[in-house]
Amino acid sequence: MAVRAPRLSPRFPRFALSALCLVACAGPAPAAHDAGVDAPTPTDLGADLGPATPDVPPPPPLPAIDGVAPLDDLNPDPRILEVNLTAAPARVRLRSTVDTDVRAYNGTLPGRMLHARVGDRVIVHFHNGLDEPTTVHWHGLRISDQMDGSPRVQDPVPPGGDFTYDFRVPEAGTFWYHTHVNTMYQLDEGLYGAFVVHEAEPPPFDRERMIVLDDVRLENNGAISPHNASGPDVGRGRLGNTLLINGRAEPWRVEIPRNGTERWRIVNASNARTFTLVFDDGSPLRVIGTDGGLLPTPYETTRLDVAVGQRYELDLRMDDPARESRTLQTLVSVLAGDGGIDTRAFDLVEASIAGEVSPRPPYVAPEVRLPSVEPSVTESLDFNLSGGVVNGRVEFTINGVAGHHVPDGGHGHPMLRYPQSQPVLITLRSNVSPEHPFHLHGQFFQVVAPAARAREEPGLKDTVLVRGNQPVTVLTYFENPGRWMYHCHIAEHSERGMMGEVEVTLRNR
Ligand code: C2O
Ligand code: CU
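Mapped onto our numbering, the consecutive letters of the sequence shown carry residue numbers 67 to 575.
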């Protein structure tokens with residue numbers, strides 16, 4: 067299949083600049099993502115794929131990331147990451163005593179990591195070794211819609227077929243990739259992996275680690291349990307009985323020298339589970355990055371909800387002289403003996419002290435400016451996330467419409483359309499089901515209301531958790547032209563209709 071390189075006008079309209087910022091802005095007259103060393107410029111979005119920066123000296127090697135192995139780079143050009151990726155059935159060891167038949171990328175669960183530097187060109191020679199169609203979606207990357215793996219834009223790759231994904235990574239951050247066809251099965255059975263884009267000048271740490279979280283429902287013999295077509299598996303989304311960290315059903319035990327300083331990157335790749343992270347000693351998690359990369363201002367929280375699809379980056383310091391270990395845990399509700407609900411803490415990463423290094427100076431956030439817009443130019447939109455039984459079948463809806471994987475929005479309702487860089491306030495409500503992690507492809511947004519959530523969940527996001535009866539408003543910037551899916555990231559919900567599509571059109575100038 068031929069690769070269609072996107073061709074866009076080099077002139078990109080910008081937001082109206084104003085000192086009247088609707089969201090926090092870090093100085094006078096900022097432009098969208100302006101300034102900071104790693105901030106993208108709008109011309110990066112879906113831009114021409116020319117030769118990768120000729121005549122500049124090769125960049126220093128990327129910092130290594132422990133936890134998942136990177137894919138081999140086949141291209142000698144340091145500004146091009148070129149990899150082979152195959153989706154196929156595989157047999158892996160998730161639990162220590164039994165093997166599990168999964169579907170995976172290149173035979174491992176999670177798939178191996180794509181590791182690039184901001185601005186790099188990424189070429190992925192993808193082969194479909196499954197017996198059904200699939201695509202690969204690069205969750206969080208603001209690339210061309212032609213490369214986004216949306217089955218509404220790209221014909222799915224047939225069994226035995228190939229497709230070359232080719233794009234430039236416009237911004238640094240922790241992203242991930244996953245199937246976007248028959249997702250409730252293909253994703254649950256293992257078709258996901260991490261995708262890290264490093265800053266041009268990454269902040270210094272002693273070590274970086276990747277923590278890919280998932281859960282899976284396993285039978286005693288190691289087989290993945292059959293999916294139920296009704297009941298809580300559909301209503302709530304399928305929860306597993308086995309937590310996985312980097313594809314292993316046991317805590318990751320690591321050694322860190324005293325005063326060691328590490329960058330931990332967290333991805334929630336599960337079908338439906340929100341991971342609520344805490345440290346066993348009650349010490350705060352220091353959050354330095356989220357979906358859209360490093361934050362202008364890090365923050366601390368003793369409890370971090372990581373919804374399906376979301377990413378966070380932590381600054382981890384083993385600097386408490388009184389402690390020999392620190393364990394990252396997730397809180398899980400379990401059925402108690404008396405039929406009630408108990409909360410139990412499960413260990414994810416057990417860090418113990420080994421050796422000592424001299425302390426690094428405190429982490430300094432890079433200069434990152436978040437987009438700012440004039441309130442008078444924003445439009446607003448309400449999305450009611452709901453569901454019900456339609457023709458004897460459970461369907462999930464946005465504003466009463468179930469939109470499936472079909473072109474033009476599905477069910478004949480018109481696709482949403484906005485001109486490029488039209489800021490839109492989207493208020494998300496769920497009055498029926500408990501929660502929906504809402505994801506928008508190809509764009510970033512910020513949580514702006516209620517005020518407490520805007521404060522507690524700062525930064526650029528592509529996924530926000532919509533809890534039952536707690537509306538949340540995000541400000542979306544729609545900077546990246548193209549056709550973009552939005553959907554609940556609980557695969558059981560999106561595949562049953564909780565999805566739609568928006569077209570961001572180039573402005574005529
Ligand atoms: Cu991570 Cu449309 O998805
Ligand atoms: Cu949902």
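Backbone N, C-alpha and C define an ideal beta-carbon position, used for all residues, glycine too.
Review point. Under the rule that 16 or more other beta-carbon atoms within 10 Å means buried, what is Ala266, buried or exposed?
Key: Counting from one through the sequence shown, the residue named residue 266 turns up at place 200. Per the 10 Å Cβ criterion, exposed.
Point to revise | Where Gly454 falls, given that 16 or more other Cβ within 10 Å makes a residue buried | key: Numbered from 1 along the sequence shown, position 388 holds the residue referred to as residue 454. Gly454 comes out exposed.
Check your understanding: Just to confirm, are Gln376 and Asn334 a CB contact at a threshold of 8 Å?
Key -> Here the question's residue 376 lines up with position 310 in the sequence shown. Here the question's residue 334 lines up with position 268 in the sequence shown. Contact annotation: Gln376 and Asn334 have beta-carbon atoms nearer than 8 Å.
Check your understanding: Which one of Pro500, Leu397, Val247 has the shortest CA to CA distance from Leu309?
Key -> What you label residue 309 is simply residue 243 of the sequence shown in a count that begins at 1. Ranked by Cα distance from Leu309, the options Pro500, Leu397, Val247 are led by Leu397.
Check your understanding: In the structure shown, what three-state DSSP assignment does Thr201 receive?
Key -> Your numbering for residue 201 matches position 135 in the sequence shown. In the structure shown, the three-state DSSP call for Thr201 is coil.
Practice item. Report the three-state DSSP secondary structure of Pro441 (helix, strand or coil). Key: If you number the sequence shown from 1, residue 441 lands on position 375. Helix.
Point to revise | Endpoints, the alpha helix (DSSP H) within which Thr249 is located | key: By one-based count along the sequence shown, residue 249 stands at place 183. It spans 249-252 - the alpha helix (DSSP H) in which Thr249 sits, taken as one unbroken run.
Practice item. Compare the beta carbon distance of Arg435 and Glu569 with 8 Å and say whether it is the shorter of the two. Key: Numbered from 1 along the sequence shown, position 369 holds the residue referred to as residue 435. Numbered from 1 along the sequence shown, position 503 holds the residue referred to as residue 569. No, these two residues do not count as a Cβ contact at 8 Å.
Review point. In three-state DSSP terms, what is Gly301?
Key: Within the sequence shown, the letter at position 235 stands for residue 301. Of the three classes helix, strand and coil, the one that applies to Gly301 here is helix, per DSSP.
Exercise for review: Please work out which residues of its chain come closer than 6 Å, Cβ to Cβ, to Leu284, disregarding the five sequence neighbours upstream and downstream, and give them in chain order.
Suggested key: Translated into the one-based positions of the sequence shown, residue 284 becomes position 218. Sequence-distant Cβ neighbours of Leu284 in its own chain, meaning closer than 6 Å and more than five residues away, are Thr308.
Check your understanding: Roughly how many angstroms separate the alpha carbons of Ile290 and His555, rounded to a whole number?
Key -> Working through the sequence shown from its first residue, we reach residue 290 at position 224. Working through the sequence shown from its first residue, we reach residue 555 at position 489. Approximately 21 Å, taken between the alpha carbons.
**Study point:** Enclosing beta strand (DSSP E) for Arg324 [first to last residue]
**Key:** Counting from 1 along the sequence shown, the entry for residue 324 is found at position 258. 318-324 is the extent of the beta strand (DSSP E) around Arg324.
**Study point:** Inter-residue Cα distance where the pair is Glu321 and Ser418
**Key:** Translated into the one-based positions of the sequence shown, residue 321 becomes position 255. Translated into the one-based positions of the sequence shown, residue 418 becomes position 352. Spanning the two alpha carbons is a distance of roughly 5 Å.
Check your understanding: Among the residues of its own chain, which have a CB less than 8 Å from the CB of His136, if the five just before and after it don't count?
Key -> By one-based count along the sequence shown, residue 136 stands at place 70. Strictly speaking, residue 136 in this sequence is Pro, with His absent from that position. Taken in chain order, the residues that qualify are Arg178, Met179, Leu180, His181.
Point to revise | Start and end residues, alpha helix (DSSP H) containing Arg521 | key: For the purposes of this step, residue 521 is taken as residue 455 along the sequence shown, with counting starting at 1. Element bounds for Arg521: 517-522.
Check your understanding: To which residues does DSSP link Gly355 through a beta bridge?
Key -> What you label residue 355 is simply residue 289 of the sequence shown in a count that begins at 1. DSSP output for Gly355 lists Leu360, Glu379 as bridge partner(s).
Check your understanding: His191: beta carbon under 7 Å from a heavy atom of the ligand CU?
Key -> Numbered from its first residue, the sequence shown carries residue 191 at position 125. Incorrect: His191 has no Cβ contact closer than 7 Å to the ligand CU.
Review point. Within the chosen definition, does the region 527-536 reach the region 500-509 through at least 3 CB pairs nearer than 8 Å?
Key: Counting Cβ pairs under 8 Å, three or more are found: they touch.
**Study point:** Same chain only: Cβ atoms within 6 Å of Asp167, ignoring 5 sequence neighbours per side
**Key:** The residue you call residue 167 lines up with position 101 of the sequence shown. Short of 6 Å from the beta carbon of Asp167, and not among the five residues preceding or following it, lie these beta carbons of its own chain, in chain order: Arg157.
**Study point:** Spatial distance of Tyr429 from Ile277 (CA atoms)
**Key:** By one-based count along the sequence shown, residue 429 stands at place 363. By one-based count along the sequence shown, residue 277 stands at place 211. Looking at the two C-alpha atoms, the distance is approximately 20 Å.
Review point. Is Leu196 buried or exposed, if buried means 16 or more other CB atoms sit within 10 Å of its CB?
Key: As a first step, residue 196 must be located in the sequence shown, where it is residue number 130. Label assigned to Leu196: buried.
Review point. Distance, Cα to Cα, Leu175 vs Asn287?
Key: Within the sequence shown, the letter at position 109 stands for residue 175. Within the sequence shown, the letter at position 221 stands for residue 287. The straight-line gap from Cα to Cα measures roughly 18 Å.
**Study point:** Neighbour-count burial assignment, Gln536, 16 or more Cβ in a 10 Å radius
**Key:** Looking up residue 536 in the sequence shown gives position 470. It is exposed - the Cβ of Gln536 has fewer than 16 other Cβ atoms within 10 Å.
Point to revise | Nearest to Pro485 (by Cα), restricted to the options Ala515, Arg549, Phe462 | key: Here the question's residue 485 lines up with position 419 in the sequence shown. That would be Arg549, whose Cα lies nearest to the Cα of Pro485.
Check your understanding: Should His559 be counted as a contact of the ligand C2O given a C-beta to heavy atom distance under 7 Å?
Key -> As a first step, residue 559 is located in the sequence shown; it is residue number 493 there, counting from the start. Answer for His559: no, Cβ out of range of the ligand C2O.
Review point. What is the DSSP secondary structure of Met564, reduced to helix, strand or coil?
Key: Position 498 of the sequence shown, counting from 1, holds the residue named residue 564. Three-state DSSP puts Met564 in coil, outside helix and strand.
**Study point:** DSSP bridge partner residues for Gly177 (one or two, in chain order)
**Key:** For the purposes of this step, residue 177 is identified with residue 111 of the sequence shown, where counting begins at 1. BP columns for Gly177 point to Gly259.
Point to revise | Start-to-end residues for the beta strand (DSSP E) that takes in Asp408 | key: Here residue 408 refers to the residue found at position 342 when the sequence shown is read from its first residue. Per DSSP, Asp408 belongs to the beta strand (DSSP E) from 407-422.
Review point. With DSSP run on the structure shown, which of helix, strand or coil describes Asp214?
Key: Here residue 214 refers to the residue found at position 148 when the sequence shown is read from its first residue. In the structure shown, Asp214 falls within a coil segment according to DSSP collapsed to helix, strand and coil.
**Study point:** For His246 and Pro269, believed in contact at Cβ under 8 Å, the rounded distance
**Key:** The residue you call residue 269 lines up with position 203 of the sequence shown. The residue you call residue 246 lines up with position 180 of the sequence shown. The pair is not a contact, with the Cβ atoms about 32 Å apart (cut-off 8 Å).
Exercise for review: May I ask you to list the residues that DSSP assigns as paired with Gly454?
Suggested key: Looking up residue 454 in the sequence shown gives position 388. Glu461.
Practice item. Take Asn337 as the anchor and find which of Met565, His559, Met564 has the nearest alpha-carbon. Key: The residue you call residue 337 lines up with position 271 of the sequence shown. Among Met565, His559, Met564, the Cα nearest to that of Asn337 belongs to His559.
Review point. Rounded to a whole number of angstroms, what is the C-alpha to C-alpha distance between Glu433 and Ala238?
Key: In the sequence shown, the residue the question calls residue 433 occupies position 367. In the sequence shown, the residue the question calls residue 238 occupies position 172. Cα to Cα, Glu433 sits roughly 13 Å from Ala238.
Check your understanding: Run through DSSP, which three-state label would His553 get?
Key -> The count along the sequence shown starts at 1 and reaches residue 553 at position 487. The three-state secondary structure of His553, taken from DSSP, is strand.
Check your understanding: When you compare only the Cα positions, how much space is there between Thr152 and Ser424?
Key -> On the sequence shown, residue 152 is found 86 positions in, with the first residue counted as 1. On the sequence shown, residue 424 is found 358 positions in, with the first residue counted as 1. Rounded to the nearest angstrom, the two C-alpha atoms are 43 Å apart.
Exercise for review: Starting from the C-beta of His264, find all residues in its chain whose C-beta is less than 8 Å away, skip the five residues before and the five after it, and write them out in chain order.
Suggested key: Counted from its first residue, the sequence shown places residue 264 at position 198. Annotation for His264: Leu128, Pro129, His181, Ala182, Arg183, Val184, Ala238 place their beta carbon closer than 8 Å to its own, counting only its chain and skipping 5 residues before and after.
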